[in-house]
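Residues 1 to 189 in UniProt numbering are what the sequence shown spells out, letter by letter. Beneath this line is the structure, given in structure tokens, with notes to follow.
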Amino acid sequence: MSVNSPELGQRLRNFVIAVVAIGLTLALVLGIQTRTPSASLTELAKSATPLEQALANGKPTFVEFYANWCTSCQAMAGDMQMLRMDYRDRVNFVMLNVDNSNWLPEMLHYRVDGIPHFVFLDDQSEDSGFAVGEVPRAILAENLDALVAHQPLPHGQAMGQASEVEGTPAPPSGSTDPRSHGAQVSQDR
């Protein structure tokens, strides 16, 4: 059985195409795996530093006002996880759910009207700046670097796409609010 040259050329061409396809598939899979890690807001909130502890431990604090329904908050969850990994030993990461009325005093104090709303507090818990909406991780990192170095924030008032905070938060559990009509709301804290 002899193999003619055109048939050999066709087989070689098919082999090269298959190898290139496998290589592209591997590159795509590896590229997806090296993207920002996925994170959920619930997981981030569970591992966050409690506000009271953050205000008392003498470290700079990065506060995020968020809501689980907020698409901008969800879109930034991976970036928040990466920032936590990069700054975990130097900065407190606090998450306050705007749907929890326990945080209403803080929401009013920091004038939260869009989320995510980020507040940068120095090591004395003094307000150093804020960012609202989907802000690039690099900008937040530059602010965190400045906060750790006791320098003015390079982006003290950064703005991006945000979700509006609607209405007022639900009352604490066990209390009634005439506007709630008896509805119970979960309390993420």
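Heads up, the beta-carbon is just placed ideally off N, CA and C, and yes, glycines get one too.
- Counting other Cβ atoms within 10 Å of its Cβ, S40 stays below 16 and is therefore classed as exposed.
- For a cut-off of 8 Å, the C-beta gap from P116 to E64 is around 6 Å, short enough to register as a contact.
- Judged by DSSP secondary structure, S72 falls within the alpha helix (DSSP H) whose first and last residues are T71 to Y87.
- DSSP assignment within the stretch 86 to 133 yields the following whole beta strand (DSSP E) runs of 3 residues or more, N-terminal first: 92 to 97, 117 to 121 and 127 to 132.
- For T42, there is no enclosing beta strand (DSSP E); the enclosing alpha helix (DSSP H) has its first and last residue at L41 to K46.
- L96 is classed as buried because its beta carbon has at least 16 other beta carbons within 10 Å across all chains shown.
- Around the CB of A75, fewer than 16 other CB atoms lie within 10 Å, so the residue is classed as exposed.
- One Cα belongs to P154, the other to F120, and the distance between them is close to 12 Å.
- Distance from L12 to V91 at the Cβ level is roughly 57 Å; contact not present, criterion being Cβ atoms closer than 8 Å.
- Residue N100 holds the alpha-carbon nearest to the alpha-carbon of A67 among N100, A149 and V94.
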